[in-house]
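Report on the following structure.
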Amino acid sequence: MRSTANRNKPGGDINQMLLFNEAISALGIVELPLLGQQFTWTNKQLEPLLERLDWFFTSSSWTLTYPNTTVSTMLMETSDHVPCVVNIATNIPKGKIFHFENYWMEHEVFMDVVRHGWSIPTQQFDIAKVISAKFKNLRRVLKAWQVQLSSLKGNIENVKLVLWLIQLVEFHRDLTIEE
1 MRSTANRNKP GGDINQMLLF NEAISALGIV ELPLLGQQFT WTNKQLEPLL
51 ERLDWFFTSS SWTLTYPNTT VSTMLMETSD HVPCVVNIAT NIPKGKIFHF
101 ENYWMEHEVF MDVVRHGWSI PTQQFDIAKV ISAKFKNLRR VLKAWQVQLS
151 SLKGNIENVK LVLWLIQLVE FHRDLTIEE
């Protein structure tokens, strides 16, 4: 911890905080801003202790090269630590990336969609080019099929949002048994 404000309850070793801050200053490193949740760890008790245990630092040369670097918190799903992602803002154009979703495999028509995409004929004779063309066809078919599943993905995102909000509430007050 860097200060007593980094936990939701009184406590913490002030001497350790001072040593940590002195080391940061002596090294000349720059703390990256944390966006999202204030605390990154919980003891997962009924009346939880919440602390910010995770810190992210860079050199001043990194900060000059990538001034918009931040860290964002994510949804804490299984661990007692909040996962964090370092975001490096650049001006590199991004292409549309194909994302395979694991939950698709549970869908009743998934294998039919895969069979259809794989069975599309190709104009290639070299086996490597045939396989590459089949994967491209499969990707195109799965992208089209994915549009039909958008409501399912939306439902999953809504559940994650509810979990995120519950975590935010827990970081500001103790949850009740019903919550």
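FYI, my numbering numbers position 42 of the sequence shown as 42, with every residue one higher than the one before it. Note that the Cβ used here is the ideal one computed from N, Cα and C, for glycine as well.
Cβ-Cβ distance between residue i and residue j below 8 Å
i: residue 32; j: residue 65; result: no
i: residue 35; j: residue 86; result: no
i: residue 16; j: residue 76; result: no
i: residue 135; j: residue 50; result: no
i: residue 40; j: residue 81; result: yes
i: residue 175; j: residue 169; result: yes
i: residue 98; j: residue 104; result: no
Three-state class that DSSP yields for residue i in the structure shown
i: residue 61; result: helix
i: residue 151; result: helix
i: residue 42; result: strand
i: residue 18; result: helix
i: residue 157; result: helix
i: residue 35; result: strand
i: residue 178; result: coil
Nearest residue (CA-CA) to residue i, options the options
i: residue 89; options: 149, 62, 14 and 134; result: 62
i: residue 38; options: 7, 102, 175 and 79; result: 7
i: residue 101; options: 157, 48 and 132; result: 157
i: residue 28; options: 42, 124, 59 and 103; result: 59
i: residue 30; options: 131, 147 and 67; result: 67
i: residue 124; options: 114, 113, 137 and 112; result: 137
i: residue 183; options: 20, 74 and 9; result: Since the displayed the chain opens at 1 and closes at 179, residue 183 lies outside it and no answer follows.
Run of the beta strand (DSSP E) containing residue i, from where it starts to where it stops
i: residue 85; result: 84-87
i: residue 114; result: Here residue 114 belongs to no beta strand (DSSP E); instead the alpha helix (DSSP H) covers 110-119.
i: residue 72; result: 70-73
Host alpha helix (DSSP H) of residue i (start-end)
i: residue 147; result: 127-148
Residue-chain proximity (residue i, chain D), Cβ-Cβ < 8 Å
i: residue 124; result: The displayed structure is made up of one protein chain only, and chain D is not part of it.
Under 8 Å, with one C-beta from each stretch per pair, do the segment 37-55 and the segment 2-21 reach the 3-pair mark? yes
Contact the segment 104-118 vs the segment 139-154: 3+ CB pairs below 8 Å: yes
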